[in-house]
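Taking it in order: structure first as structure tokens, then the write-up.
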Amino acid sequence: MRQLIAGNWKMNGVFADVARFAGPLRAATGLGCDVLVCPPATLLAAMAQALAGSAIAVGAQDCHPDPPGAHTGDLAAAMLRDAGASHVILGHSERRAAHGETDAVVCAKVLAAHAAGLVPIVCVGESEAERLAGRAEAVVAGQLAGSLPGGFAGVIAYEPVWAIGSGRTAAQADVAAMHAVIGARLHAQFGAAAEAMPVLYGGSVKPENAASLLTLPGVHGALVGGASLKPADFLAIARAARTLPNPAGGG
Ligand code: PEP
198 MRQLIAGNWK MNGVFADVAR FAGPLRAATG LGCDVLVCPP ATLLAAMAQA
248 LAGSAIAVGA QDCHPDPPGA HTGDLAAAML RDAGASHVIL GHSERRAAHG
298 ETDAVVCAKV LAAHAAGLVP IVCVGESEAE RLAGRAEAVV AGQLAGSLPG
348 GFAGVIAYEP VWAIGSGRTA AQADVAAMHA VIGARLHAQF GAAAEAMPVL
398 YGGSVKPENA ASLLTLPGVH GALVGGASLK PADFLAIARA ARTLPNPAGG
448 G
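Take the position in the sequence shown, starting the count at 1, then add 197; the result is the number in our numbering.
Now the structure itself:
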């Protein structure tokens, strides 16, 4: 399995940024990982066209749980697929916090992504208060149980909320421990199918710390926010990634 390096642009980027990114990404040779760029929805189609024929995939940052219909301002999973997305980030902590997304809502969105042929990237992670209270593993286990439907097929991103956009990265031992917990939970929930569910780490991943995080056991890639906005930094992180000898869950 190749590690997956996914960039989450969040609410950033204008049309001119598409070419500024697509050029260096297309030109990058010898990457030993899969690469995914998730621009805002306004740029999805343009980015997909700019990267067409390359090995770089394009993803969305959210979808509505319902099929196309009367939901002003929202985007259905099928519409994102039509725009060129292959993946969709779901349940990011910013959406859980700012939009009140519960595990049940995330689960409904995962089902919509499945139905549209999108690969869901489901984000889980504890707050700092929850970690300090010794509840990190229980919180993440609850999110996995509530956010992933039976038959789930996709990617998990472990993102400790306090490490997102803060410049603080979780301790390597804590990352490895949580990835082991997540791997065990996925096996308990889905059996052998869990082998095909990569578990990414996210939270202030940058060129300087990418190699140390990406070599931890059970880390199958990274979800990158801030550093994904600079092509050179994003590519430096991708160059720190590799092809894993074992399938997901196997370390
Ligand atoms: C994220 O938004 O998913 C993220 C990990 O952001 P950052 O890399 O900026 O911490």
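Each residue gets a CB set at the ideal place from its N, CA and C atoms; glycine is no exception.
Across the set A407, N209, I253, V319, the C-alpha of I253 shows the shortest separation from the C-alpha of G281.
Residue state for D231 is assigned as strand, using DSSP reduced to three classes. When G415, A249, G288 are compared, the shortest CA-CA separation from C260 is found for G288. DSSP, reduced to helix, strand and coil, places C304 within a helical segment of the structure shown. Taken through DSSP and simplified to helix, strand or coil, L432 comes out as helix.
The continuous alpha helix (DSSP H) containing A333 extends over residues 333-344. The C-beta distance from V316 to G351 rounds to 5 Å, short enough to meet the 8 Å contact threshold. Shortest gap from the CB of V232 to any heavy atom of the ligand PEP: 6 Å or more.
Relative to the non-hydrogen atoms of the ligand PEP, the Cβ of V421 comes within a distance shorter than 6 Å of at least one. The Cβ atoms of G256 and C230 lie no closer than 7 Å to each other.
Minimum Cα-Cα distance from W206 among the listed residues G423, V336, A389 corresponds to G423. Distance from the CA atom of P262 to the CA atom of A305, rounded to whole angstroms, is 5 Å. Here H376 is not near V421, since their CB atoms are 7 Å or more apart. Between A247 and the set A370, A385, G266, G220, the nearest pair of CA atoms involves G220.
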